[in-house]
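Visitor:
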Ligand SMILES: [Zn+2]
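Residue numbers (the numbering used here): 3 to 283.
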């Protein structure tokens, strides 16, 4: 039987203008809004999701690191606009080991929604594991440009050489392609760009419900229902189209939405509370 296990790798506080951007403004204006915002959100969870499937264990994202001095000192975003709270025991490696899972040996794959810091900084725990990322996101995360976008390529382990995929599998609902992650077709990645180029989400279909592991395609369900994009979203139009596709999937099959930073995600998972776009009216 397929099971989804949320594993929280600490918390992050961000600026309210980061959590919810003004979609009428250009990216540089939304970035400026974040830099000049003096308020903080509540501490938001940094979730990874472990998928227990008959074909093996698949992990989506590897969370944040507790290491000090990890981020480039010159980057105003890392320096002033994220407040991370991660203890060494919160990192994904120790948490998997506490469950009897060796992150280097026991996973079928680690899949990365995108390479932003709070989704990929736990990479060091996964040497020897097959790691899957979209080719487009891998390319977007390289070098100085990738660092300005919120990845930390300077800290990637020297052995990091992920399998870079195109979405050349079958279309799924409104998503034009996919990356199959299991042979039985029940677990697959779909393209959900907008927040970042090449961003992916993972769809897990079970007989009674579809789990939609959204990464940062939306920060939480309420924002998706209100069609509010995040402040650093690289492309507002594309981000809104992604959110509409997720809502479209939920209109076709009972779908539980599980983003990476949604404080209500674990409750919805426990209750199997499906996404009902009409409830927003
Ligand atoms: Zn992100």
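By construction, the Cβ of each residue, glycine as well, lies at the ideal position given by its N, Cα and C atoms.
Whole angstroms are fine: how far does the CA of residue 265 sit from the CA of residue 13?
Guide: Taking the first residue of the chain shown as 1, we reach residue 13 at position 11. Taking the first residue of the chain shown as 1, we reach residue 265 at position 263. Roughly 10 angstroms separates the two Cα atoms.
Visitor: In this structure, does DSSP put residue 54 in helix, strand or coil?
Guide: Mapped onto the chain shown, residue 54 falls at position 52. Residue 54 falls in the strand class under three-state DSSP.
Visitor: Could you check if residue 198 belongs to the surroundings of ligand 1, using beta carbon to heavy atom distance under 7 angstroms?
Guide: Here the question's residue 198 lines up with position 196 in the chain shown. It does: the Cβ of residue 198 is within 7 angstroms (strictly closer) of some heavy atom of ligand 1.
Visitor: Straight-line CA distance for residue 141 to residue 240?
Guide: Sequence index remark: in the chain shown, residue 141 carries index 139 (1-based). Sequence index remark: in the chain shown, residue 240 carries index 238 (1-based). Using only the alpha carbons, I get a separation of about 18 angstroms.
Visitor: Excluding the 5 residues preceding and the 5 following residue 213 in the sequence, name in chain order all residues of the same chain whose CB lies nearer than 7 angstroms to its CB.
Guide: Here the question's residue 213 lines up with position 211 in the chain shown. Hits under 7 angstroms: 6, 206, 258, 260.
Visitor: Under three-state DSSP, which class holds residue 281?
Guide: Your numbering for residue 281 matches position 279 in the chain shown. A caution first: residue 281 carries a pLDDT of 49, below 50, which makes its placement in the model unreliable, though a value can still be read off. Looking at residue 281 - three-state DSSP - the assignment turns out to be helix.
Visitor: Does the stretch 135-154 come close enough to the stretch 190-204 to have 3 or more Cβ pairs within less than 8 angstroms?
Guide: Taking 8 angstroms as the limit for Cβ pairs, the verdict is that the stretch 190-204 does touch the stretch 135-154.
Visitor: Is residue 281 buried or exposed, if buried means 16 or more other CB atoms sit within 10 Å of its CB?
Guide: Within the chain shown, residue 281 is the residue found at index 279, counting from 1. Note that residue 281 has pLDDT 49, beneath the 50 cutoff, so the model's placement of it is unreliable and no number is given.
Visitor: Just checking my contact of residue 276 with residue 249 at CB under 8 angstroms: how many whole Å lie between their CB atoms?
Guide: Here the question's residue 276 lines up with position 274 in the chain shown. Here the question's residue 249 lines up with position 247 in the chain shown. Actually they are not in contact, since the Cβ atoms of residue 276 and residue 249 sit about 12 angstroms apart, beyond 8 angstroms.
Visitor: State yes or no: is the C-beta of residue 118 nearer than 7 angstroms to some heavy atom of ligand 1?
Guide: Your numbering for residue 118 matches position 116 in the chain shown. Under cutoff, so the answer is yes.
Visitor: Would you identify the three-state DSSP class for residue 289, choosing helix, strand or coil?
Guide: The chain is shown from 3 up to 283; residue 289 falls before or after that span and cannot be answered.
Visitor: Look at the alpha carbon of residue 236 and the alpha carbon of residue 29, and state the distance between them as a whole number of angstroms.
Guide: For the purposes of this step, residue 236 is taken as the residue at position 234 of the chain shown. For the purposes of this step, residue 29 is taken as the residue at position 27 of the chain shown. Each residue's alpha carbon lies about 7 angstroms from the other.
Visitor: The alpha helix (DSSP H) that contains residue 36, what's its start and end?
Guide: Position 34 of the chain shown, counted from the start, is the residue given in the question as residue 36. Taken as a continuous stretch (DSSP letters only), the alpha helix (DSSP H) holding residue 36 covers 29-38.
Visitor: Say whether the stretch 20-39 touches the stretch 67-74, bearing in mind that this needs 3 or more beta-carbon pairs closer than 8 angstroms, one atom from each stretch.
Guide: No, because fewer than three Cβ pairs between the stretch 20-39 and the stretch 67-74 fall closer than 8 angstroms, the two stretches do not touch.
Visitor: Could you check whether the Cβ of residue 121 sits closer than 7 angstroms to any heavy atom belonging to ligand 1?
Guide: Your numbering for residue 121 matches position 119 in the chain shown. Yes - ligand 1 has a heavy atom lying nearer than 7 angstroms to the Cβ of residue 121.
Visitor: On the CB-based measure, 16 or more other CB atoms within 10 Å of its CB, does residue 146 come out buried or exposed?
Guide: Residue numbering aside, residue 146 sits at position 144 when the chain shown is read from its first letter. Classification of residue 146: exposed, given that the 10 Å Cβ count is below 16.
Visitor: Of all the options 87, 86, 105, 88, which has the alpha carbon lying nearest to the alpha carbon of residue 95?
Guide: Position 93 of the chain shown holds residue 95. Checking every option, the nearest Cα to that of residue 95 belongs to 105.
Visitor: Report back the beta-carbon spacing between residue 112 and residue 133 to the nearest angstrom; my notes put them in contact at under 8 angstroms.
Guide: The residue given as residue 112 occupies position 110 in the chain shown. The residue given as residue 133 occupies position 131 in the chain shown. Indeed, because the Cβ distance is near 5 angstroms, the residues count as touching under 8 angstroms.
Visitor: I'd like the list of long-range same chain contacts for residue 155, defined as Cβ closer than 7 angstroms, with 5 residues on each side in sequence excluded.
Guide: Residue mapping note: residue 155 aligns to position 153 of the chain shown, counting from 1. 143, 144, 145, 148, 149.
Visitor: If you drop the 5 nearest sequence neighbours on each side, which residues of the same chain put their C-beta closer than 6 angstroms to that of residue 85?
Guide: The residue labelled residue 85 in the question sits at position 83 within the chain shown. Cβ neighbours of residue 85 beyond the five flanking positions: 15.
Visitor: Should residue 193 and residue 169 be called a contact, given that it needs their Cβ atoms to be closer than 8 angstroms?
Guide: For the purposes of this step, residue 193 is taken as the residue at position 191 of the chain shown. For the purposes of this step, residue 169 is taken as the residue at position 167 of the chain shown. Result yes, Cβ atoms of residue 193 and residue 169 sit closer than 8 angstroms.
Visitor: First and last residue of the alpha helix (DSSP H) that includes residue 244?
Guide: As a position in the chain shown, residue 244 is number 242, starting the count at 1. Where residue 244 is concerned, the enclosing alpha helix (DSSP H) stretches over 238-254.
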